[in-house]
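Asks:
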Amino acid sequence: RSKMKNGNSCSFYDPELQALLENQAELETDIVRAIAHDEFSAYFQPQINANGKITGAEALIRWHHPSKGLIAPNDFIPIAEQNGVIQKLQNTVLRDICILINELNSKQLIDDSFKVSINISQVQFNSTTLKTELLNVVNDYNVNPSNIKLEITESMLSGDIASVISQIDELKQQGFIFSIDDFGTGYSCLTHLSSFSVNELKVDKSFIDKILDKGTGFSIVQTIINLGKSLNLTVVAEGVETEEQFTVLKTMSVDMIQGYLIAKPMNFDDYLCWHQSY
Ligand code: C2E
Ligand code: MG
Ligand code: MG
Ligand code: MG
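Going by UniProt numbering, the sequence shown opens with residue 469, and the numbers climb by one from there.
Below is the structure:
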């Protein structure tokens, strides 16, 4: 890092930061163009239960950039939230989910218990039109909302508790299922946790990574699973990469797992192929 004097003010020149900011600004203007050019799509990562049966999948957005290649969501979701296009991206993902559910149904590969989850951003969760937006898409495709899981994070459960409760309850009345993503990494008031009628809790990968450490790593995961069970929630372990982790999770009575051990997120066709031959 070099420091340059210009007049009486000091400015700092950090080439890495500069490149990051330029890339950020570039993506910001590019994202609008990209939506018009249909460059976004959902990838799908399967979830299985302890017996190995496929129970559902998580939809994860990808940007197929013409010159930059495949761009991961962490690089553009925050931008999309800021410039107001997140709604459009959510619709794209939900449409892909509906098409997948209809395709799997028509091939008789799934029953009503199969759920596909979609990540809902903070901005969308706070929006008063969330219910209408979601229903418009699922109704268009004739998909039952009970096949859709809405993933929200712990931090969204804070603030105005009463309006959070009513947002969740209204969507649940329509049939949608709720899951708390990245559980354990954010702020969450355990006293309030039982006030929200969510259905599922996803244990964050950072805890699963340490599950084989005798002592703390193991105990923390066991404690989170026990907490979920005591609240009657389905518990999913995310980021499971090895058989050893899966074996330990089974002894802890985890309900479902998701991770590279089973499969990486796949595009629509690859997912369909994977599901069919599983
Ligand atoms: P998330 O919802 O917690 O998704 C899990 C992330 O972990 C995904 O990263 C997935 O590819 C990755 N993952 C799954 N299993 C493994 C594993 O075994 N090992 C490793 N190393 N990674 C694994 P991805 O797809 O890059 O998504 C990152 C985050 O971006 C998501 O975290 C979610 O918060 C957000 N996101 C993704 N798609 C959407 C979307 O459609 N809308 C919104 N609002 N956010 C999204
Ligand atoms: Mg998620
Ligand atoms: Mg997660
Ligand atoms: Mg995450």
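A virtual CB, placed ideally from N, CA and C, is assigned to each residue, including glycine.
For S589, collect the residues of the same chain with a Cβ closer than 6 angstroms to its Cβ; drop the 5 residues on either side in sequence, then sort them by chain order.
Replies: E549 and I554
Asks: How many angstroms separate the CA atom of F544 from the CA atom of L495?
Replies: 7 angstroms
Asks: Please work out which residues of its chain come closer than 8 angstroms, Cβ to Cβ, to L538, disregarding the five sequence neighbours upstream and downstream, and give them in chain order.
Replies: R530, W531 and H532
Asks: At a cut-off of 7 angstroms, would you count Q513 as near ligand 1, judging by its Cβ distance to the nearest heavy atom?
Replies: yes
Asks: Is the beta carbon of D649 within less than 7 angstroms of some heavy atom of ligand 2?
Replies: yes
Asks: Please identify the residue among V611, N491 and E638 whose C-alpha is closest to the C-alpha of K583.
Replies: V611
Asks: Taking 7 angstroms as the line, does the beta carbon of N587 fall inside it for any heavy atom of ligand 2?
Replies: yes
Asks: Under three-state DSSP, which class holds Q590?
Replies: helix
Asks: Any heavy atom of ligand 1 closer than 7 angstroms to the Cβ of P546?
Replies: no
Asks: Where does L602 sit, in a helix, a strand or coil, going by DSSP?
Replies: The answer is helix: DSSP assigns L602 an H, G or I state.
Asks: Using a threshold of 8 angstroms, state whether the C-beta atoms of G685 and I679 are closer than that.
Replies: yes
Asks: Would D649 be called buried (16 or more neighbouring beta carbons within 10 Å of its own) or exposed?
Replies: So D649 counts as buried.
Asks: State yes or no: is the C-beta of D672 within less than 8 angstroms of the C-beta of T702?
Replies: No, the Cβ-Cβ distance between D672 and T702 is not below 8 angstroms.
Asks: Apart from the five residues just before and just after P613, which ones in its own chain have a Cβ nearer than 6 angstroms to its Cβ?
Replies: V606, Q642, G643 and F644
Asks: Please go through the same chain and pick out, in chain order, the residues whose beta-carbon is closer than 7 angstroms to the beta-carbon of D637, but skip the five residues on each side of it.
Replies: Cβ neighbours of D637 beyond the five flanking positions: S665.
Asks: With A510 as the anchor, note down where its beta strand (DSSP E) starts and where it stops.
Replies: F508 to N517
Asks: In whole angstroms, what is the alpha-carbon distance linking P733 and A540?
Replies: 11 angstroms
Asks: In terms of alpha-carbon separation, which member of P534, I629 and I676 lies closest to L658?
Replies: I629
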